[in-house]
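In what follows, a single structure is set out as structure tokens and then discussed.
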Ligand code: ADP
Ligand code: MG
Ligand code: MG
């Protein structure tokens with residue numbers, strides 16, 4: 001089981017002297033748990049998501065983000081994984097390295113990439129993750145020895161499938177399974193990336209990416225925004241499947257309580273001005289729906 005630990009996180013816009021946006025965020029998300037991160041507009045929810053992923057627009061000025069893994073999380077790695085490679089400071093790592101360790105942030109890719117089908121895009125994303133993972137967990141001494149083997153080209157011949165990489169047929173099978181799991185139409189995968197995708201289809205796509213990449217923790221930022229009720233239910237069922245079938249931990253960022261009727265959170269957190277001001281169970285979300293955010297804000301500024 002993986003644990004994402006955020007301690008006293010402070011962050012501001014990079015290369016600016018402006019105020020902190022995040023002012024001491026504490027949050028712990030374990031695989032298999034669903035956490036809702038709620039809060040008024042501008043409170044720092046999306047910034048939290050982007051800082052977890054390593055977005056270059058932000059600079060972390062204090063605190064830490066750790067990912068703690070156990071043997072099960074590295075079962076795909078050949079050979080023994082030493083203890084020091086079970087605990088990672090994500091702030092020292094590039095976004096793609098964080099993703100390879102099991103953090104997923106649904107990405108908003110360019111409107112369309114000509115000639116790339118969903119299938120190809122997802123296969124490339126999965127293979128890139130596997131390769132990065134191999135590098136991160138590679139025995140450091142072995143890696144050095146390999147580098148010293150100068151001049152000897154070990155790269156695969158063109159068209160040959162690299163070690164550990166999923167070929168087209170194998171990937172098709174995996175994709176088929178995942179689409180069944182999410183109850184998605186198979187035709188979807190044959191479409192070109194984002195070409196004419198509706199808002200709802202883009203969101204379903206985000207869930208499909210997470211199903212393929214099997215992260216330990218998926219951060220879903222306003223995946224409910226702009227969805228009609230049918231799509232909201234489809235997307236919600238997909239999120240529940242990620243948790244129930246793959247043990248993915250979910251950090252569900254949302255302004256509205258509505259999606260929480262379908263994706264029931266184990267924990268609810270309210271962010272006010274860059275800090276978690278209140279945490280509780282699913283009933284906290286109901287209270288917010290009835291009473292809004294003002295009472296939490298008042299609570300923060302009374303005690304300050
Ligand atoms: P939320 O997702 O809770 O609505 P955000 O994290 O998007 O809030 O934003 C929090 C605050 O930080 C807002 O006041 C926003 O304007 C500011 N902010 C976030 N990102 C940037 C940025 N890249 N440049 C300038 N200000 C930013
Ligand atoms: Mg936001
Ligand atoms: Mg092993």
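Numbering (full-length UniProt numbering), first residue to last: 1 to 304. For every residue, glycine included, the Cβ atom is placed at its ideal position computed from N, Cα and C.
If you draw a straight line from the Cα of residue 48 to the Cα of residue 241, it is about 24 Å long. Remark: the C-beta of residue 222 is in contact range of ligand 2, defined as less than 7 Å to any heavy atom. By the criterion of a C-beta distance shorter than 6 Å, residue 77 is surrounded in its chain by 137, once the five residues flanking it on both sides are discounted.
Annotated as proximal: residue 204 and residue 234, with beta-carbon spacing under 8 Å.
By the Cβ rule, the segment 10-21 does not count as touching the segment 221-239, because fewer than three pairs are nearer than 8 Å.
At a threshold of 7 Å, residue 36 does not count as near ligand 1, since its beta carbon sits no closer than that to any of the ligand's heavy atoms. The beta-carbon separation of residue 120 and residue 165, rounded to 13 Å, does not stay under the 8 Å limit for a contact. Under the three-pair Cβ rule at 8 Å, the segment 277-290 does not count as touching the segment 83-92.
In the structure shown, residue 279 adopts extended strand secondary structure according to DSSP, grouped into three states. The straight-line gap separating the alpha-carbon atoms of residue 73 and residue 197 is approximately 34 Å. The beta carbon of residue 263 sits closer than 7 Å to those of 34, 236, 239, 240, 252, all from its chain and outside the five residues before and after it, given in chain order.
Of the heavy atoms belonging to ligand 1, at least one sits nearer than 7 Å to the Cβ of residue 21. Excluding five sequence positions before and after residue 46, the CB atoms of its chain that fall closer than 6 Å to its own CB belong to 221, given in chain order. Beta-bridge pairing by DSSP links residue 218 to 104, 250. Counting C-beta pairs with one atom in each stretch, the segment 25-41 and the segment 264-273 have three or more that are closer than 8 Å, which means they touch.
Judged by DSSP in its simplified three-state form, residue 140 adopts helix. As the crow flies, the alpha-carbon of residue 125 is around 45 Å from that of residue 301. Between the segment 92-104 and the segment 169-181 there are fewer than three C-beta pairs closer than 8 Å, too few to call the two in contact. About 17 Å separates the beta carbon of residue 75 from that of residue 217, a gap too long to meet the 8 Å contact definition. A distance criterion of 7 Å places the beta-carbon of residue 216 beyond contact range of ligand 2, judged by its closest non-hydrogen atom.
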